[in-house]
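Inspection log for the structure reproduced underneath, given as structure tokens.
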Amino acid sequence: MTEITDTPLPERPSLNKMFRLQWEPAQKAHVLLYPEGMVKLNQSAAEILKRCDGERTIAQLIADIEQAFGEKDLRDPVMGMLRTAFEQDWIQ
Amino acid sequence: MTQPTINPPFWLLAELTYRCPLHCVFCYNPVNYDSIKSELTTAEWIRVMQEARALGAAQMGFSGGEPLLRDDLEALVAHARELGFYTNLITSGVGLNEKRIAALKTAGLDHIQLSFQDSTQEMNDFLSSTKTFELKKKVAGLIKQYDYPMVLNVVLHRHNIVHVDKIMDMALDLGAEYLELANTQYYGWAMQNRAQLLPTREQIVAAEETVKTYREKVGKRCKILFVVPDYFEDRPKACMNGWGSIFLDIAPDGAALPCHNARQLPGLNIPNVKDHSIRDIWYDSQAFNVFRGDDWMQEPCRSCSEKEKDFGGCRCQAFLLLGDAAATDPVCAKSPQHHVVTDIIKQASVAPETTQRQEHPLVFRTDKNSRLISESVGATPTIRS
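So the protein lines, in turn, are chains A and B. Using our numbering, read the first sequence as starting at 8 and increasing by one per residue. Using our numbering, read the second sequence as starting at 136 and increasing by one per residue.
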């Protein structure tokens with residue numbers, strides 16, 4: 008799958024229209040719902056995906072997350088998560 | 136004995152009606168559907184959805200029969216969406232005009248899965264015993280127009296598997312983002328027509344090769360799923376991800392089923408949503424508990440290292456092929472009855488088309504045939520091996 012890994016991430020990522028992000032009380036977690044399936048998300052993944060609104064740039068998104076978590080240097084983990092999300096087609 | 140942990144249901148499938156404008160020879164609806172009347176009302180469906188959602192179900196399918204035959208479909212979808220379900224409509228497309236798709240969009244419908252019987256008008260119309268091909272193409276256009284991902288489902292069998300390439304071309308032409316090539320599963324009407332529908336091993340191998348070539352060519356534009364018919368595998372499918380594990384099917388009359396075909400299994404005390412809450416049905420009913428965990432298993436399943444993986448396969452298949460719903464699914468090469476399946480495959484490869492046609496003419500899914508079959512076998516499907 009190297010060809011996919013090399014594809015640059017979208018400039019302003021947005022959730023793929025097949026997916027819906029929502030809080031599931033029964034799972035006590037945010038989940039991504041898609042045709043006939045579901046992915047349970049951890050808190051940081053959910054916070055990142057919530058900000059994939061097609062308006063924020065990746066740089067803005069990282070700054071946002073750093074502010075929300077009160078931490079610096081979150082670029083690498085956020086980029087890692089976005090890469091995974093892109094390879095899974097969660098974002099476009 | 137392992138006491139099974141009961142997780143909440145994840146999938147609620149609402150089979151809104153057994154009525155259908157199509158007469159597909161591979162339909163998985165019960166062959167005696169015509170004797171099952173008195174569909175749930177809108178209010179009853181809403182209660183079912185509320186209770187299943189409260190337990191934790193997140194996915195909801197509207198299916199049938201043809202769900203568009205219910206004129207409260209839009210209202211039910213709106214309720215489901217309000218409750219937080221991800222809503223899937225599983226349809227033949229017949230009855231989906233622009234007015235209805237617009238209303239479904241407003242109601243919040245998330246996803247439409249459109250079925251095609253084949254890539255050509257002749258075969259599509261023959262296999263569904265209708266004239267629907269052009270209409271389905273029009274519906275595919277509407278689905279795109281209303282910004283739904285295009286998910287096509289085509290059921291494969293020996294009559295159309297030979298031109299799986301043309302089916303994929305059609306799907307790409309229509310702009311499909313997902314194509315599910317689902318080989319026929321032999322239950323219900325498909326079981327009646329198995330001798331006519333079962334492909335040969337050579338056909339399957341060739342089709343898989345063709346699909347592989349297309350996948351490489353098409354890349355991310357369209358995701359092509361090819362579901363191998365389980366008769367040709369040497370391990371059974373993890374049917375329903377385990378009995379009473381994630382899947383809750385409500386039939387048109389309110390019967391709550393652990394799978395679409397559970398109605399036919401003997402000894403099952405099938406609860407109805409008109410008499411019981413979804414919570415009682417899911418956690419406490421005999422029907423949903425009978426094949427949970429592994430206490431019910433026989434050898435070779437009981438001591439098998441893979442029992443957590445495939446749960447012994449499909450209970451309905453064990454019953455249909457062996458007459459014992461608790462037996463190891465004979466698809467499994469470890470089953471002492473595996474020869475039942477290999478014999479069926481052998482017959483498929485040697486029997487000339489013409490002889491088969493004469494011995495087992497295709498039985499189309501019609502009300503009349505449903506009545507005839509129910510009368511002749513006392514509402515139990517015929518068991519052929």
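Note that CB positions come from ideal geometry on N, CA and C, so glycine has one too.
Problem - CB contact check: A/Pro42 to chain E, cutoff 8 angstroms - result: Structure shown: chain E not included; protein chains present are A and B.
Exercise for the section: Take the Cβ of A/Leu16 as the centre, count every other Cβ of all protein chains shown within 10 Å, and call the residue buried at 16 or more, exposed below. Expected result: exposed
Problem - Rounded straight-line distance, which links the Cα of A/Met88 to that of A/Ala52 - result: CA-CA distance, A/Ala52 to A/Met88, rounds to 7 angstroms.
Handout entry: Rounded straight-line distance, which links the Cα of B/Val466 to that of B/Asp308
Key = 36 angstroms
Practice task
May I have the straight-line CA-CA distance separating B/Leu403 from B/Gln421, to the nearest angstrom?
Solution key: 7 angstroms
Problem - Reference B/His158; option with closest CA among B/Leu148, B/Ile416, B/Asn328 - result: B/Asn328
Handout entry: Delimiting residues of the beta strand (DSSP E) encompassing B/Met195
Key = 194-198
Problem - Separation of B/Ala149 from B/Gly389, as counted between CA atoms - result: 9 angstroms
Handout entry: Delimiting residues of the beta strand (DSSP E) encompassing A/Trp30
Key = 27-31
Handout entry: C-alpha gap between B/Ala373 and B/Met195, whole angstroms
Key = 20 angstroms
Handout entry: Residues near B/Gly191 in its chain [Cβ-Cβ closer than 6 angstroms; skip 5 each side]
Key = Pro143
Practice task
Enumerate in chain order the residues of its own chain whose CB-to-CB distance from B/Cys449 is below 6 angstroms, with the five nearest sequence positions on each side excluded.
Solution key: The answer, listed in chain order, is Cys374, Asp464.
Problem - Close Cβ partners of B/Pro284 (< 6 angstroms) along its chain, the five nearest in sequence each way excluded - result: Glu312
Problem - Cα-Cα separation between B/Leu526 and A/Phe76, rounded to whole angstroms - result: No information on residue 526 of chain B is available, as it lies outside the stretch 136 to 520 that chain B covers here.
Handout entry: B/Ala461 beta carbon less than 8 angstroms from that of B/Trp431
Key = yes
Handout entry: Beta carbon proximity, A/Val38 to chain B, threshold 8 angstroms
Key = yes
Problem - Proximity test, A/Gly44 beta-carbon vs the ligand FMN heavy atom, cut-off 7 angstroms - result: What this structure holds is no ligand at all, so the ligand FMN is not there to describe.
Practice task
Identify which residue in B/Val425, B/Tyr281, B/Pro435 has its Cα closest to the Cα of B/Asp245.
Solution key: B/Tyr281
Problem - Inter-residue Cα distance where the pair is B/Leu147 and B/Val475 - result: 33 angstroms
Practice task
Taking all protein chains shown into account, decide if B/Asn318 is buried (16 or more other Cβ within 10 angstroms of its Cβ) or exposed.
Solution key: buried
Handout entry: Buried or exposed (CB count within 10 angstroms, at least 16 for buried), B/Ala275
Key = buried
Practice task
Using a Cβ cut-off of 7 angstroms, pull out every chain B residue sitting near A/Arg27, in sequence order please.
Solution key: Tyr221, Asp245
Problem - Cutoff 8 angstroms: A/Glu94 Cβ touching any chain B Cβ - result: Not closer than 8 angstroms to any Cβ of chain B, the Cβ of A/Glu94 fails to qualify, so no.
Exercise for the section: Assign B/Thr489 to one of two classes, buried (16 or more other C-beta atoms within 10 Å of its C-beta) or exposed (fewer than that). Expected result: Low confidence applies to B/Thr489: its pLDDT is 48, below 50, so where it sits in the model is not reliable enough to give any reading.
Problem - Closest residue to B/Gln252 among B/Thr241, B/Ser264, B/Asp459 (Cα-Cα distance) - result: B/Ser264
Practice task
Look at the alpha carbon of B/Tyr453 and the alpha carbon of B/Gln338, and state the distance between them as a whole number of angstroms.
Solution key: It is Ala, not Tyr, that sits at residue 453 of chain B in the sequence shown. Going by the C-alpha atoms only, they are around 25 angstroms apart.
Exercise for the section: Establish whether the CB of A/Ala70 and some CB of chain B are separated by less than 8 angstroms. Expected result: Taking Cβ atoms only, chain B never reaches closer than 8 angstroms to A/Ala70, which makes this a no.
Exercise for the section: Quick one: residues in its chain with C-beta nearer than 8 angstroms to the C-beta of A/Pro84, no 5 flanking neighbours on either side, listed in chain order? Expected result: Ser51
Problem - Element boundaries [beta strand (DSSP E), containing B/Asn318] - result: Looking at the DSSP string, the run of the beta strand (DSSP E) that includes B/Asn318 is 313-318.
Practice task
Go ahead and pull the three-state DSSP assignment for B/Gly276.
Solution key: DSSP places B/Gly276 within a helical segment (H, G or I) once states are collapsed to three.
Handout entry: Span separating the alpha-carbon of B/Ile359 from that of B/Met258
Key = The alpha-carbon atoms of B/Ile359 and B/Met258 are separated by roughly 21 angstroms.
Handout entry: Run of the alpha helix (DSSP H) containing B/Thr348, from where it starts to where it stops
Key = Note, B/Thr348: alpha helix (DSSP H), 336-353.
Practice task
Measure the CB-CB distance between B/Ala306 and B/Leu291 and report whether it falls below 8 angstroms.
Solution key: no
Practice task
Look up B/Asn288 in the DSSP assignment and say whether it is helix, strand or coil.
Solution key: The DSSP-derived three-state label of B/Asn288 is strand.
Practice task
Taking all protein chains shown into account, decide if A/Thr14 is buried (16 or more other Cβ within 10 angstroms of its Cβ) or exposed.
Solution key: exposed
Handout entry: B/Glu315, buried or exposed, once every other Cβ within 10 Å from all chains shown has been counted against 16
Key = buried
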